[in-house]
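Residue numbers (our numbering), protein chains in the order written: chain C, 1 to 350; chain E, 1 to 339. Notes to accompany the following structure.
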Amino acid sequence: MSKIEIKNVYKIFGDQPSKVLPMVQNGATKEEVLEKTGHTVGLDNVSLSIEEGETFVCMGLSGSGKSTLIRHINRLIDPTAGVVSVEGTNVMDLDQKKLIDFRRHKMSMVFQRFGLFPHKTVLENVGYGLEVQGQKPEERNKTAMEKIEAVGLTGFEHQYPNQLSGGMQQRVGLARALATNTDIMLMDEAFSALDPLIRSDMQKQLIDLQSELKKTIVFITHDLDESLRLGDHIGILNGGRLVQVGTPIDIIMNPADDYVEAFVKDVNRAKVIKAKIIMTPANKSNDVDKSNLVKIGEDQFLDEFLPQIVCSNANCEVVDKEGNVKGYLTKKELSKALTKEHMANAVKSA
Amino acid sequence: MGKYKKHIFYSLYLIAFAAMVFIAYTSSKYRPESVSVLFTDFSWLGNWPKWLDLPLMPFLNEGFDKLIREYGMFFEGINNFLLGLYTQMKNFMVGLPWPLLMIGIIALCYFVSGRNTGTTIMVAFCVFFLGFLSPRYWDKCIMTTCIVVIGMLLCLIIGIPVGIMMARNKKVRNALLPVLDLMQTIPSFCYLIPGILLFGLGAVPAIFAIFVYAVPPLIRLTDLGIRLVDKEVVEAAEAFGASKKQKLWGVQLPLALPNIMQGINQCTMMSLAMVVIASMIGTRGIGDEVLLGLQQLNVGMATEAGIAIVLLAIIFDRITQSYGEKIQERTHLKKDIKL
Ligand SMILES: Nc1ncnc2c1ncn2[C@@H]1O[C@H](COP(=O)(O)OP(=O)(O)OP(=O)(O)O)[C@@H](O)[C@H]1O
Ligand SMILES: [Mg+2]
């Protein structure tokens, strides 16, 4: 059973969504529906499942329905049709009390525009999730302080949100979501306002957190590099429709349509491709020059060892965790992998 | 389907109109001997015919009489309660030595405005001038103030919860908005009449009139303030599992407070305007000085009393306004939102 299961979900914004639904189900596009009925299609037959412990990244242009999708998971928005179930429970079946309980203990959320409480200090904001659960101030302040430190805002805990910069506010939102320590985290463009240094630091923290705690994360981003770095699976939305779901490599190698292709066109391949994907396997490596070798792990991304190779003019020996040689990498494979046309072939032959 | 509904709606209008014309015609004393006369003699098309007159007045009077007959006890109870409250409060304040009362008001202003010296000095100046204008005004201003304060309390106790209900429930809002419009469109003077009939002369009908006249802006601004709270902030509270109560008290009300304070401020100003008008039905207070001036064609007297009312208004305004500003500062909201 998947952790989060979304089945044929439609969401139509407007006065009479149920009347417009058949039209959408019959294949009308977002633009047509808007022109004919004045209703906005938020989601159009979206189905996907997210497994426990994975990071699912959702991408798409502005207005493609990413925030709408993520709000269905904790039922901030009710679907017009379809089923959203979390751990096997249909969220629409929850009554008021159960829903509150579910939101308190099952999932937390980071908001795109931060959603901080302007009348509460940073400390109170971060502790809010614990406050509504009824935790005592001393206890929740302790947890809150830990999270504030984790996002690097120590010293600002008694400031108010509007005394902080945008990026700092976003980190408060992040700390608030971390504080309740829930299984599922919904992160709507959680890093969008951060500077590159802090951003990459936060990404690293998230990856570390993931390897340790194995949370289920739904992450929205506009940044392809970020999605490739964080995502176990990536879903791409266009006009409310889910056009492709797959692993990062899948998306880059086999874009489902022009829209996805346009999306991945400028990707930094060295950051996405792992050594094992393009190496020449050990049993076919007779003609590789093995006089000057550098050892690299099979799960390393190209950009992690590329400079070293270029400088030392060596070939690579690809090893797994135990140190067994799995294959070799030469300049030939590398240059193929990094230029667009050769890419797909290189991967296929691997 | 939608169109169909509309047609039913229109025909209902038509039926209601026909029924009203029929009632007007049959109940009128001036109607012609028979309907057929109307179709032979067309003179009724010249001036508005006397028989085309909806008998609303007798109907309303009857209803009102019935109300008083059956619920007299109820209104009597309210009357006694409010009157008691007013008398107690007035006697207490009139009984205090005037310097003590003045210091009390100044201290109140000082703390309520967040130790704002400028506001406090201004209010102190106005308070002093009330008595300084004419010694008679001191006690009269106290009476006026008591009526305004009690009217305001009534507005707060009823207005804010109603505003909250409106913000939460679209149906309630749709039902109440026309009522509020009506309350604000009817000339304030008209509220005095039912007040007199229900509560007699004096302070209580004035309080009643204040309530009806001044509560709509408070309700509106409470409703508006709550709905204007950033949607994502409310969503954040929901997403972390806040119950309805936690959401209201922890997020919505604190963030709506600047708007609610604006409503209270408006409410105060309107109460003051009403209480001056209420002097016409024998409500004692600073308003009757103006009335007296008018009756005696004594320009100086009316103007002097007018100035006293302005001073009183400034005092009320500054105290409520500065409290609102203090709250805004405390909640760190943008200060430039002013209505
Ligand atoms: N409350 C609403 N009422 C009406 N339409 C809405 C509402 N919320 C979203 N929409 C519409 O749904 C569509 C998807 O909006 P959504 O906020 O999910 O986009 P998004 O993918 O998150 O975009 P962005 O990257 O800009 O945040 C948009 O066309 C928007 O106009
Ligand atoms: Mg969004």
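Virtual Cβ for every residue (Gly too), placed ideally from N, Cα, C.
Using only alpha-carbon positions, find the residue among C:219, C:280, C:245, C:55 that is nearest to residue 290 (chain C).
Position 290 of the first sequence, counted from the start, is the residue given in the question as residue 290 (chain C). When each option's Cα is compared against that of residue 290 (chain C), the closest is C:280.
Does any heavy atom of ligand 2 sit closer than 7 Å to the C-beta of residue 66 (chain C)?
As a working note, residue 66 (chain C) is residue 66 in the first sequence. Yes, Cβ of residue 66 (chain C) sits closer than 7 Å to a heavy atom of ligand 2.
Going straight from the alpha carbon of residue 35 (chain C) to that of residue 160 (chain E), what length do you get?
Here residue 35 (chain C) is taken as the residue at index 35 of the first sequence, counted from 1. Here residue 160 (chain E) is taken as the residue at index 160 of the second sequence, counted from 1. Taking the straight line joining both Cα atoms gives about 41 Å.
Does residue 14 (chain C) have its Cβ less than 8 Å from a Cβ in chain E?
Within the first sequence, numbered from 1, the residue matching residue 14 (chain C) stands at position 14. Chain E contact via Cβ: absent.
Distance, Cα to Cα, residue 27 (chain C) vs residue 157 (chain C)?
If you number the first sequence from 1, residue 27 (chain C) lands on position 27. If you number the first sequence from 1, residue 157 (chain C) lands on position 157. Rounded to the nearest angstrom, the two C-alpha atoms are 51 Å apart.
Where do the ends of the alpha helix (DSSP H) carrying residue 165 (chain E) lie?
Translated into positions along the second sequence, residue 165 (chain E) becomes position 165. Here the alpha helix (DSSP H) through residue 165 (chain E) covers 135 to 168.
Under the DSSP definition of a beta bridge, which residues are partnered with residue 241 (chain C)?
Indexing the first sequence from 1 puts residue 241 (chain C) at position 241. According to DSSP, residue 241 (chain C) bridges with C:238.
Distance cutoff 8 Å, beta carbons only. Does residue 68 (chain C) sit that close to anything in chain E?
Residue mapping note: residue 68 (chain C) aligns to position 68 of the first sequence, counting from 1. It does not; no Cβ of chain E falls within 8 Å.
Using a Cβ-Cβ cut-off of less than 7 Å, list which residues of the stretch 226 to 243 of chain E approach chain C; keep chain order.
Those would be 232, 233, 235, 236, 238, 239, 240, 241, 242, 243, in chain order.
Excluding the 5 residues flanking residue 326 (chain C) on each side, which residues of the same chain have their C-beta closer than 8 Å to its C-beta?
For the purposes of this step, residue 326 (chain C) is taken as residue 326 along the first sequence, with counting starting at 1. These residues qualify, in order along the chain: 276, 279, 281, 282, 298, 318, 319, 320.
Using a Cβ cut-off of 8 Å (strictly closer), state whether residue 255 (chain E) contacts chain C.
Position 255 of the second sequence, counting from 1, holds the residue named residue 255 (chain E). Output row for residue 255 (chain E): interface = yes.
For the stretch 146 to 174 of chain C, enumerate the residues whose C-beta is nearer than 9 Å to any C-beta of chain E, in chain order.
Of all residues in the stretch 146 to 174 of chain C, 160, 161, 162, 163, 173 have a Cβ within less than 9 Å of some Cβ in chain E.
Cα separation between residue 147 (chain C) and residue 238 (chain E)?
Within the first sequence, residue 147 (chain C) is the residue found at index 147, counting from 1. Within the second sequence, residue 238 (chain E) is the residue found at index 238, counting from 1. Roughly 21 Å between the two C-alpha positions.
Can you pull out the residues from the stretch 127 to 160 of chain E whose beta carbon lies closer than 7 Å to at least one beta carbon of chain A?
The question asks about chain A, but that chain is absent: this structure's protein chains are C and E.
Can you list, in chain order, the residues of its chain whose CB lies under 6 Å from that of residue 339 (chain E), leaving out five sequence neighbours each side?
Here the question's residue 339 (chain E) lines up with position 339 in the second sequence. Model confidence at residue 339 (chain E) stands at a pLDDT of 42, short of 50, so the residue's coordinates are unreliable and nothing is read from them.
Is residue 335 (chain E) close to chain C, meaning its C-beta is less than 8 Å from at least one C-beta of that chain?
For the purposes of this step, residue 335 (chain E) is identified with residue 335 of the second sequence, where counting begins at 1. A caution first: residue 335 (chain E) carries a pLDDT of 42, below 50, which makes its placement in the model unreliable, though a value can still be read off. Cβ-Cβ to chain C under 8 Å: no for residue 335 (chain E).
Would you report the Cα separation of residue 22 (chain E) and residue 181 (chain E), rounded to the nearest angstrom?
Counting from one through the second sequence, the residue named residue 22 (chain E) turns up at place 22. Counting from one through the second sequence, the residue named residue 181 (chain E) turns up at place 181. Cα-Cα distance, rounded: 30 Å.
Just checking: is the beta-carbon of residue 342 (chain C) within a distance shorter than 8 Å of some beta-carbon in chain E?
In the first sequence, the residue the question calls residue 342 (chain C) occupies position 342. Low confidence applies to residue 342 (chain C): its pLDDT is 48, below 50, so where it sits in the model is not reliable enough to give any reading.
Where are the alpha helix (DSSP H) runs, 4 residues long or more, that stay fully inside the stretch 104 to 165 of chain C, in chain order?
With a minimum length of 4 residues, the continuous alpha helix (DSSP H) runs that stay inside the stretch 104 to 165 of chain C are 122 to 126, 128 to 133, 137 to 150.
Under a Cβ-count criterion, where at least 16 other Cβ atoms within 10 Å of its own Cβ denotes burial, should residue 46 (chain E) be classed as buried or exposed?
Numbered from 1 along the second sequence, position 46 holds the residue referred to as residue 46 (chain E). Burial call: exposed.
Less than 8 Å between the beta carbons of residue 44 (chain C) and residue 24 (chain C), yes or no?
Indexing the first sequence from 1 puts residue 44 (chain C) at position 44. Indexing the first sequence from 1 puts residue 24 (chain C) at position 24. Yes; because the gap between Cβ atoms is below 8 Å, this pair is in contact.
With DSSP collapsed to three states, give me the class of residue 78 (chain C).
Against the first sequence, residue 78 (chain C) aligns to sequence position 78. Reduced to three states, the DSSP call for residue 78 (chain C) is coil.
So which residues of chain C does residue 246 (chain E) contact, with C-beta pairs closer than 7 Å?
On the second sequence, position 246 is the one that residue 246 (chain E) refers to. Chain C residues near residue 246 (chain E): 132.
Helix, strand or coil: which one does DSSP assign to residue 279 (chain C)?
Translated into positions along the first sequence, residue 279 (chain C) becomes position 279. The answer is coil: DSSP assigns residue 279 (chain C) none of H, G, I, E or B.
Pull up the DSSP beta-bridge partners for residue 86 (chain C), would you.
The residue labelled residue 86 (chain C) in the question sits at position 86 within the first sequence. Looking at the DSSP assignment, residue 86 (chain C) forms a beta bridge with C:4, C:89.
In whole angstroms, what separates the C-alpha of residue 9 (chain C) from that of residue 139 (chain C)?
Residue 9 (chain C) sits at position 9 when you count from the first residue of the first sequence. Residue 139 (chain C) sits at position 139 when you count from the first residue of the first sequence. Whole-angstrom Cα-Cα distance: 40 Å.
Indicate the three-state DSSP secondary structure (helix, strand or coil) for residue 233 (chain C) in the structure shown.
Locating residue 233 (chain C) in the first sequence gives position 233, where the first residue counts as 1. Reduced to three states, the DSSP call for residue 233 (chain C) is strand.
Taking the alpha-carbon positions, what's the residue 334 (chain C) to residue 313 (chain C) distance?
As a working note, residue 334 (chain C) is residue 334 in the first sequence. As a working note, residue 313 (chain C) is residue 313 in the first sequence. If I take the Cα positions, the gap works out to 13 Å.
At least one CB of chain C closer than 8 Å to the CB of residue 21 (chain E): is that the case?
Taking the first residue of the second sequence as position 1, residue 21 (chain E) is located at position 21. Not one chain C Cβ lies under 8 Å of residue 21 (chain E).
From residue 399 (chain E) to residue 2 (chain C), what distance separates their C-alpha atoms?
The structure shown does not extend to residue 399 (chain E), since chain E spans only 1 to 339, so no value can be given for it.
Can you tell me whether residue 13 (chain C) sits near ligand 1, meaning its C-beta is under 7 Å from at least one heavy atom of the ligand?
For the purposes of this step, residue 13 (chain C) is taken as the residue at position 13 of the first sequence. Residue 13 (chain C): yes, Cβ under 7 Å from ligand 1.
Run through the DSSP bridge pairs and tell me what residue 297 (chain C) is partnered with.
As a working note, residue 297 (chain C) is residue 297 in the first sequence. Paired residues: C:319.
Taking the C-alpha atoms as reference points, what is the distance between residue 301 (chain C) and residue 270 (chain C)?
The residue given as residue 301 (chain C) occupies position 301 in the first sequence. The residue given as residue 270 (chain C) occupies position 270 in the first sequence. Looking at the two C-alpha atoms, the distance is approximately 7 Å.
Does any CB atom of chain C fall closer than 8 Å to the CB of residue 172 (chain E)?
On the second sequence, position 172 is the one that residue 172 (chain E) refers to. Judged by the 8 Å Cβ criterion, residue 172 (chain E) is not in contact with chain C.
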